[in-house]
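Engineer: Anchor point for the sequence shown: position 127 equals 127 in the working numbering, and the numbering is continuous, going up by one each time.
All C-beta atoms in this analysis are idealised placements derived from N, C-alpha and C, irrespective of residue type, glycine included.
All values reported here derive from a predicted model rather than from experimental measurement.
So that we are looking at the same thing, I have put the structure below in structure tokens.
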Amino acid sequence: MPAMPAQDEPDSTAPAAIGHAKLRRVVLVGSDQYYREVLTVVLLSQGFAVHAFTDGESLLGSLATAVGAELAVLDWDLPKMPGIELLAQLRQRGVKVPVVFLADEVIASDHNDRCLLAPQKSLDAYECMAFDQGTVDFIAKSRDRQVLVRHLRRLVELARPKVGLPG
Numbered sequence: 001m002p003a004m005p006a007q008d009e010p011d012s013t014a015p016a017a018i019g020h021a022k023l024r025r026v027v028l029v030g031s032d033q034y035y036r037e038v039l040t041v042v043l044l045s046q047g048f049a050v051h052a053f054t055d056g057e058s059l060l061g062s063l064a065t066a067v068g069a070e071l072a073v074l075d076w077d078l079p080k081m082p083g084i085e086l087l088a089q090l091r092q093r094g095v096k097v098p099v100v101f102l103a104d105e106v107i108a109s110d111h112n113d114r115c116l117l118a119p120q121k122s123l124d125a126y127e128c129m130a131f132d133q134g135t136v137d138f139i140a141k142s143r144d145r146q147v148l149v150r151h152l153r154r155l156v157e158l159a160r161p162k163v164g165l166p167g
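See the structure below:
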């Protein structure tokens with residue numbers, strides 16, 4: 001696996017994307033290092049320029065990165081500042097980038113450190129809350145990464161300004 005950037009610094013390298021006509025610039029905020037690194041590698045290989053952060057505070061400290069992105073992918077369950085709060089902070093600071101939330105189906109642990117699955121009603125409520133706050137998609141981390149990449153690619157293409165009108 002290629003070397004990853006320092007934990008709180010954006011990764012602005014995209015060696016796999018060199019030669020692509022239009023890089024898709026994405027900000028990725030996720031606290032799970034393994035998932036973040038794997039998703040970064042997958043996105044780089046699919047023509048994305050990825051700026052990865054470990055938490056919301058790191059992203060807020062680098063607002064120019066967020067403003068320059070075409071899409072932000074935020075983990076719902078971030079430490080210190082939940083993803084939904086990060087979205088609110090970005091909006092308060094004038095960042096209008098489309099946001100996609102990634103969520104686990106596991107939302108808690110019991111006293112024996114066993115993972116507990118969220119009831120479907122809770123997951124639906126989180127998803128509704130995210131859409132009410134302006135997210136463009138809410139995707140379970142358990143989805144196949146290629147499906148996730150296709151979602152993200154499509155969202156970037158929809159968000160890009162169209163050049164010329166058919167005539």
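Does the beta-carbon of residue 156 have 16 or more other beta-carbons within 10 angstroms, so that it is buried, or is it exposed?
Structural biologist: Counted from its first residue, the sequence shown places residue 156 at position 156. Buried, since its Cβ has 16 or more Cβ neighbours within 10 Å.
Engineer: Once you ignore the five residues that flank residue 152 on each side, which residues in its own chain have a CB closer than 8 Å to its CB?
Structural biologist: For the purposes of this step, residue 152 is identified with residue 152 of the sequence shown, where counting begins at 1. Same-chain partners within the cutoff: 24, 26, 43, 48, 71, 73 and 100.
Engineer: In three-state terms, what does DSSP make of residue 67?
Structural biologist: The residue you call residue 67 lines up with position 67 of the sequence shown. Three-state result, residue 67: helix.
Engineer: I'd like the list of long-range same chain contacts for residue 137, defined as Cβ closer than 8 Å, with 5 residues on each side in sequence excluded.
Structural biologist: Counting from one through the sequence shown, the residue named residue 137 turns up at place 137. For residue 137, where only same-chain residues beyond five positions count, the Cβ hits under 8 Å are 100, 101, 151 and 155.
Engineer: Are residue 75 and residue 103 closer than 9 Å when you measure CB to CB?
Structural biologist: Locating residue 75 in the sequence shown gives position 75, counting from the first residue. Locating residue 103 in the sequence shown gives position 103, counting from the first residue. Yes.
Engineer: Have a look at 67, 125, 40 and 36 and flag the residue whose alpha-carbon is nearest the alpha-carbon of residue 94.
Structural biologist: In the sequence shown, residue 94 corresponds to position 94, counting from 1. The residue with the shortest Cα to Cα distance from residue 94 is 67.
Engineer: By a C-beta neighbour count over all protein chains shown, 10 Å radius and 16 as the cutoff for buried, is residue 158 buried or exposed?
Structural biologist: Locating residue 158 in the sequence shown gives position 158, where the first residue counts as 1. Result: exposed.
Engineer: Among residues of its own chain, excluding the 5 on either side of residue 28, which ones have a beta-carbon nearer than 6 Å to its beta-carbon?
Structural biologist: Mapped onto the sequence shown, residue 28 falls at position 28. Closer than 6 Å at the Cβ level, and outside the excluded window around residue 28, lie 50, 52 and 73.
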